[in-house]
Amino acid sequence: MTRVIVVANQKGGVGKTTLVSNLGAALAEAGQKVVLIDLDPQSALTAGFGLDPYALSRTAYTLLTRDNVSLASVLRPVGDNLVLVPGSVDLAAAEYQLADAPDQVFRLRNVLARSRVPADCVLIDTPPSIGLLTVNGLVAAGELLVPVQCQYLAMRGVRGLLESIWLIHERFNPELNLLGVVATMYRGGSDHSREVVDELQAVFEHKLFDTIIEDEDTVAKAPVTGKPVLTYRPQSEAAAAFRRLAEEVLHAH
Ligand SMILES: Nc1ncnc2c1ncn2[C@@H]1O[C@H](COP(=O)(O)OP(=O)(O)O)[C@@H](O)[C@H]1O
Ligand SMILES: [Mg+2]
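For the record, in the sequence shown the residue sitting at position 184 is 238 according to our numbering, with numbers rising by one throughout.
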């Protein structure tokens, strides 16, 4: 069975896109066939694989707004075992175009249900809001992965996020489970980073992944080169951390 994991946090800049790209690459390296889906109109995931989100004709937007578009027709290879459903700026309009569609929150789920998904694992990147695009991701998924930045006030939004998600869970997708919370952008020299991790540990207990993603320049630089850190700097500590996280995700099944 294909696992469908949605990465969500309504706060921007917490490491969602970075997590999708690098966890996806690490799972692919571990032999999993992986499909990444970019649901963000800003399409940083797509740009981070060296594709131009302005120049693509078939994207997640096509998939969500047109009937009978096949998943296969929008897939782009971005690495060994790794394919991408690219995002596009049009996604911003999808929200309004789907406003009257009775199946508006089920569009992505329906696409995945009617397609032969060529993957062991699907990872969905979402925009920094809980609008229709993110809800489509939450409804299509079986598992939720939440990155939390180890910085000031990052913890604040997490409770609100989980409350909203709980409503979506109850209403549209009772099958959605919390896969876990990942602490990201950890600063080794910062007491505050440590405090945030301690607080996450106290709140989420075994749902907090042991692997902590540190704040490292290589992670920020990789997308500029059009690659995940796993292929940009395969020997880096950051790449090793994403490999450990992938192992945890594989065992959490
Ligand atoms: N572990 C990290 N170390 C350094 N920079 C990071 C790390 N994770 C993310 N970044 C950078 O921080 C910014 C926001 O991350 P991103 O993954 O795009 O967040 P989101 O998708 O939640 O908005 C990006 O420029 C990204 O390259
Ligand atoms: Mg993002």
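Don't be surprised by glycine CBs; every beta carbon is placed ideally from N, CA and C. The model shown is predicted, which means the values in this text are computed figures rather than measured ones.
Any non-hydrogen atom of ligand 1 within 8 Å of residue i CB
{"i": "I91", "result": "no"}
{"i": "T238", "result": "yes"}
{"i": "K281", "result": "no"}
{"i": "D154", "result": "no"}
{"i": "E268", "result": "yes"}
{"i": "A300", "result": "no"}
{"i": "N63", "result": "yes"}
{"i": "P201", "result": "yes"}
Any non-hydrogen atom of ligand 2 within 8 Å of residue i CB
{"i": "T71", "result": "yes"}
{"i": "D179", "result": "yes"}
{"i": "D28", "result": "Any property of residue 28 remains undetermined from this structure, which presents the chain solely from 55 to 307."}
{"i": "L284", "result": "no"}
{"i": "A195", "result": "no"}
{"i": "L145", "result": "no"}
{"i": "D134", "result": "no"}
{"i": "G66", "result": "yes"}
{"i": "P182", "result": "yes"}
Residue nearest to residue i in terms of C-alpha spacing, selected from the options
{"i": "T72", "options": "H305, E268, A306", "result": "E268"}
{"i": "E291", "options": "Q158, A84, T272", "result": "T272"}
{"i": "M55", "options": "A173, A274, G102, I266", "result": "A173"}
{"i": "A219", "options": "S183, L77, V251", "result": "With the sequence shown as reference, residue 219 is identified as Ile, and Ala is not the correct amino acid for it. Of the listed residues, the one whose Cα sits closest to I219 is S183."}
{"i": "V303", "options": "V200, T285, E270", "result": "V200"}
{"i": "V132", "options": "V123, E197, D106", "result": "D106"}
{"i": "R112", "options": "R130, L99, Q96, P95", "result": "R130"}
{"i": "L316", "options": "P181, A84, D157", "result": "Past the boundaries of the shown model lies residue 316; the chain is included only from 55 to 307, so the question cannot be answered."}
{"i": "F296", "options": "G66, N63, L81", "result": "L81"}
{"i": "R161", "options": "L125, G234, V257", "result": "L125"}
{"i": "A62", "options": "S127, V202, G78", "result": "V202"}
{"i": "F280", "options": "E217, G78, A101", "result": "Note on identity: in this sequence residue 280 is Gly, with Phe being the wrong assignment. Nearest of E217, G78, A101 to G280, Cα basis: A101."}
{"i": "S247", "options": "L152, G67, Q205, P277", "result": "Q205"}
{"i": "L110", "options": "S142, A256, A79, S244", "result": "S142"}
{"i": "G67", "options": "A79, L207, V251", "result": "L207"}
{"i": "G234", "options": "G196, D245, S169, V165", "result": "G196"}
{"i": "I59", "options": "P277, T180, Q151", "result": "T180"}
{"i": "L186", "options": "A153, L221, D134", "result": "A153"}
{"i": "S75", "options": "Y108, R120, R57, V139", "result": "V139"}
{"i": "K65", "options": "Q151, D134, G211, N135", "result": "G211"}
{"i": "F226", "options": "T188, E253, L77, A294", "result": "T188"}
{"i": "R120", "options": "N164, L136, F263, G78", "result": "N164"}
Limits of the alpha helix (DSSP H) - the one that residue i falls within
{"i": "Q255", "result": "245 to 258"}
{"i": "V303", "result": "291 to 305"}
{"i": "Q151", "result": "145 to 151"}
{"i": "E268", "result": "Where E268 is concerned, there is no enclosing alpha helix (DSSP H), given that its DSSP letter is neither H nor E."}
{"i": "S218", "result": "210 to 226"}
{"i": "S75", "result": "70 to 83"}
{"i": "L125", "result": "Segment: none, L125 is in no alpha helix (DSSP H) and carries neither H nor E."}
{"i": "V165", "result": "161 to 168"}
{"i": "G191", "result": "186 to 194"}
First and last residue of the uninterrupted beta strand (DSSP E) at residue i
{"i": "A237", "result": "231 to 238"}
{"i": "D92", "result": "88 to 92"}
{"i": "Q203", "result": "197 to 203"}
{"i": "V60", "result": "57 to 61"}
{"i": "G133", "result": "130 to 133"}
{"i": "I178", "result": "175 to 179"}
{"i": "L105", "result": "Counting along the chain, L105 falls outside any beta strand (DSSP E), and DSSP gives it neither H nor E."}
{"i": "V139", "result": "136 to 139"}
Chain C contact for residue i (CB, 9 Å cutoff)
{"i": "D264", "result": "Absent here is chain C; the protein component of the structure consists of one chain."}
At least 3 beta-carbon pairs within less than 8 Å: the stretch 176 to 192 vs the stretch 82 to 100:
yes
Does the count of Cβ pairs from the stretch 187 to 206 and the stretch 224 to 236 closer than 8 Å reach three?
yes
Check whether the stretch 65 to 83 and the stretch 92 to 103 touch, using three or more Cβ-Cβ pairs below 8 Å as the test.
yes
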